[in-house]
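> Numbered according to the working numbering, the sequence shown spans residues 133 to 565. The beta-carbon is built from N, C-alpha and C at its ideal position, and this holds for glycine as well. No experiment lies behind these values; they were computed from the predicted model shown.
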Amino acid sequence: MSLQVIRALRRHGHRAYWVGGCVRDGLLGRGAVRERDVATSARPEQVLAIFPRARRLGARFGVVAVRDAEGLTEVATFRREAGYSDGRRPDSVTFTDDPAVDVRRRDFTVNAILQDPIGGTRLDFVGGEEDLRRRLIRAVGDPLARFREDRLRMLRAVRFAASLGFAVEPGTLEAIRRSAPGIDAVAPERVRDELSRILTEGGASRGLELLHETGLLQRLLPEVSAMRGVRQPPEFHPEGDVWVHTMLVLDCLREPSAPLAWGALLHDVGKPETFRVMDRIRFHGHVERGADIARGICARLRFSNADADRVVALVRDHMKFMALRQMRPGRLRRFLSQPHVEEHVELHRADCLGSHSKLDNYAFAKEKVEQFANEAPVERLLTGRDLVAAGYEPGPLFGTILTTVEERHMDGQLAGRDEALAFVSERFPIATS
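#1: Helix, strand or coil: how does DSSP classify Gln364 here?
#2: Compute the Euclidean distance between the alpha carbons of Gly335 and Arg408, then round it to the nearest angstrom.
#3: Need the endpoints of the beta strand (DSSP E) that Asn530 sits in, please.
#4: Who are the near neighbours of Phe453 in its chain, counting only those whose CB is closer than 6 Å to its CB and skipping five residues on each side?
#5: On the DSSP bridge list, what partners appear for Arg211?
#6: Would you say Leu513 and Glu538 are within 9 Å of each other, going by their C-beta atoms?
#7: Leu576 and Glu206 look like a contact to me (Cβ under 8 Å); what is the Cβ gap, rounded to whole Å?
#8: Decide yes or no for the touch test of the stretch 422 to 433 against the stretch 386 to 402: beta carbon pairs closer than 8 Å, at least 3 of them.
#9: Decide if the stretch 449 to 467 is in contact with the stretch 523 to 543; the criterion is three or more beta carbon pairs, one per stretch, under 8 Å apart.
#10: Among the residues of its own chain, which have a CB less than 8 Å from the CB of Gln178, if the five just before and after it don't count?
#11: Shortest alpha-carbon distance to Met451 belongs to which of Arg434, Leu382, Asp483?
#12: Could you check whether the stretch 232 to 245 touches the stretch 267 to 278, counting it as contact only if at least three pairs of C-beta atoms, one from each stretch, sit closer than 8 Å?
#13: What span of residues does the alpha helix (DSSP H) with Thr304 cover, start to end?
#14: Enumerate in chain order the residues of its own chain whose CB-to-CB distance from Asp263 is below 7 Å, with the five nearest sequence positions on each side excluded.
#15: Would you call the stretch 292 to 310 and the stretch 245 to 260 touching, i.e. three or more CB-CB distances under 8 Å?
#16: Please check the pair Gly486 and Val447, which I expect to be a contact at CB under 8 Å, by giving their CB distance rounded to whole angstroms.
#17: Give every residue of the same chain whose Cβ lies closer than 8 Å to the Cβ of Ala186, excluding the five residues on either side of it in the sequence, and list them in chain order.
#18: Could you say if the stretch 310 to 320 and the stretch 277 to 289 meet the contact criterion of at least three C-beta pairs nearer than 8 Å?
#19: Given that a residue counts as buried once 16 or more other Cβ atoms are within 10 Å of its Cβ, and exposed if not, what is Ile533?
#20: Secondary structure at Leu204, three-state DSSP: helix, strand or coil?
#21: Taking 7 Å as the limit between beta carbons, can you name the residues of its chain near Pro249, skipping five residues before and five after?
#22: Have a look at the DSSP bridge pairing and note the partners of Val196.
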């Protein structure tokens, strides 16, 4: 699609090039490029005249979205920017015909290479190709100025270094350290999304180490930073402290969703506060404390309720795999039939590989998940309406009653509705005044 966009812009006398991550990834041979951005000398009105079905994405910034059956291409007019009073967007934008002016407003040199897909040439005004060869993330121009313009670029530098396996150029790294306090002013949603990409796009442990090295981790996730140096019992964790273990777990995940990656990052976040030396090092209550901390982090970063619930469930349930073979059939089936169970099983696999490497419970869980998925669902003996009809007041107790009945039914201890109601009446008697 983007090649047709460039051809159309050229036919109307405008300069047009691919730019950004598509050029970078193409030069690195990172596989098929899914999205391509176009930079052009055409003004937004001219782009809209050429592509009548296009729409503006940012009127002030000269960005137009051109869509067809193959997808969407963002077309941006060459521009210079000035003033960033909010630390995110320019106060003024001036369009230009000069691509050299345009690239000097961009974040990193490796993202500032222009490519002509028709003639096969490239325009590199800031040394991006050399930095690709040297495997460096370097800010365009003055790094302090780039980070003042958009403070989120500090996290983007970490993400690119981690996912590409690059180093951060020393001057750029020092500018991040000096600018780190400014990350406090970035909207939580933007921080959350960038951290999620660091956790899921490859090199997660490298990304976390860079976040710590630059001081960003201590400001954004002090609860995670606190895991560094927290000792663990060597008989169970020969790999090292809680931080080392967590980094290994992150790197063992296979193509994780964002909730799974966050669950892995936070699965032992309760250990620093519950560390005790008794007969050996112990962490009594670390799961419950970890779930509370995870809930707080998700709220602070404004996760959706659904994603927060998934992250907290992963933290809350990760130790249950130790007792998997001792669970009653009903509880086992319920546990391994929960929503997103595949994330729980994958976290357990990574948790094992990041410590003792024993995967017998993982194999057992995989077998049972497949078995339960292929079996007919167990018909529920009771519903909330049955409890109301029996005289119970709706409330939190309903969930406990229905879960208990369901597990007893799957264990073969309750055979029908009447038997279930009798059990409930005896186990959960209605309080009388």
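Reading from the atomic positions:
#1: Indexing the sequence shown from 1 puts residue 364 at position 232. Correct three-state label for Gln364: coil.
#2: As a working note, residue 335 is residue 203 in the sequence shown. As a working note, residue 408 is residue 276 in the sequence shown. Cα to Cα, the separation comes out at about 32 Å.
#3: In the sequence shown, the residue the question calls residue 530 occupies position 398. Looking at the sequence provided, one finds Phe at residue 530 rather than Asn. Run containing Phe530: none in the beta strand (DSSP E); it sits in the alpha helix (DSSP H), 529 to 542.
#4: For the purposes of this step, residue 453 is taken as the residue at position 321 of the sequence shown. Cβ neighbours of Phe453 beyond the five flanking positions: His480, Asn493.
#5: Indexing the sequence shown from 1 puts residue 211 at position 79. BP columns for Arg211 point to Phe227.
#6: On the sequence shown, residue 513 is found 381 positions in, with the first residue counted as 1. On the sequence shown, residue 538 is found 406 positions in, with the first residue counted as 1. The answer is yes: Cβ separation under 9 Å.
#7: Because the chain in this structure spans residues 133 to 565, residue 576 falls outside the shown range and cannot be described.
#8: yes
#9: A contact exists between the stretch 449 to 467 and the stretch 523 to 543.
#10: One-based indexing of the sequence shown puts residue 178 at position 46. Closer than 8 Å at Cβ, skipping near neighbours: His144, His146.
#11: Taking the sequence shown and counting its residues from 1, one reaches residue 451 at position 319. Ranking the options by Cα distance to Met451, first place goes to Asp483.
#12: Yes, they touch.
#13: Taking the first residue of the sequence shown as 1, we reach residue 304 at position 172. Counting along the chain, the alpha helix (DSSP H) containing Thr304 begins and ends at 302 to 311.
#14: As a first step, residue 263 must be located in the sequence shown, where it is residue number 131. Closer than 7 Å at Cβ, skipping near neighbours: Thr241, Val242, Arg270.
#15: no
#16: For the purposes of this step, residue 486 is taken as the residue at position 354 of the sequence shown. For the purposes of this step, residue 447 is taken as the residue at position 315 of the sequence shown. Wrong, their Cβ atoms sit about 15 Å apart, outside the cutoff.
#17: One-based indexing of the sequence shown puts residue 186 at position 54. Cβ-Cβ distances below 8 Å link Ala186 to Val179, Leu180, Val196, Ala197, Val198, Arg199, Val207 in the same chain, with the five nearest sequence neighbours on each side left out; the list follows chain order.
#18: Result yes; three or more Cβ-Cβ pairs closer than 8 Å.
#19: By 1-based counting over the sequence shown, the position of residue 533 is 401. Buried: at least 16 other Cβ atoms inside 10 Å.
#20: By one-based count along the sequence shown, residue 204 stands at place 72. Leu204: strand per DSSP, three-state reduction.
#21: Start at 1 with the first residue of the sequence shown, and residue 249 comes out as number 117. These residues qualify, in order along the chain: Leu135, Ile138, Trp150.
#22: Sequence index remark: in the sequence shown, residue 196 carries index 64 (1-based). Val196 is bridged to Arg188, Val207.
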